[in-house]
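In our numbering, the protein residues as written are 654 to 759.
Dropping the structure here:
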């Protein structure tokens with residue numbers, strides 16, 4: 654999958670209303686947050702696309718979130734409408750933010 658700052662965005666991100674910019678170290682072990690993000694994206698498909706990106710590849714507007722912990726930025730038309738920082742955020746809270754972002758556009 655392409656990184657968020659590459660010129661060739663994933664097709665699902667182009668069609669999706671909401672993008673989950675998932676910032677994490679690629680070499681880090683797969684965490685519980687990976688499963689949470691995948692579950693939420695699947696629940697809201699096809700309106701949500703997940704774009705995983707390494708901290709060093711984060712586009713400039715979002716770079717301040719990438720330095721110290723894994724995080725998910727909820728983007729609608731490129732604007733941040735929600736964020737989850739760290740691996741221990743409950744699924745229910747992240748799901749609520751994503752659902753609101755998706756429903757706002759319907």
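Built from N, CA and C at the ideal position, the CB exists for glycine as well.
Under 8 Å between C-beta atoms of residue 754 and residue 671: With respect to the 8 Å criterion, residue 754 and residue 671 are classified as neighbours on the basis of their beta carbons.
Counting only the same chain and skipping the five closest in sequence on each side, list residues whose C-beta sits under 7 Å from that of residue 764. Missing from the structure shown is residue 764; the chain here goes from 654 to 759 and no further.
Taking all protein chains shown into account, do 16 or more other C-beta atoms lie within 10 angstroms of the C-beta of residue 689, making it buried, or fewer, making it exposed? It is buried - the Cβ of residue 689 has at least 16 other Cβ atoms within 10 Å.
Environment of residue 702 [buried if 16+ CB atoms lie within 10 Å]: Burial call: buried.
Quick one: what does DSSP say residue 694 is sitting in, helix, strand or coil? Reduced to three states, the DSSP call for residue 694 is helix.
Alpha carbon to alpha carbon, how far is residue 729 from residue 673? Residue 729 and residue 673: Cα-Cα distance of roughly 9 Å.
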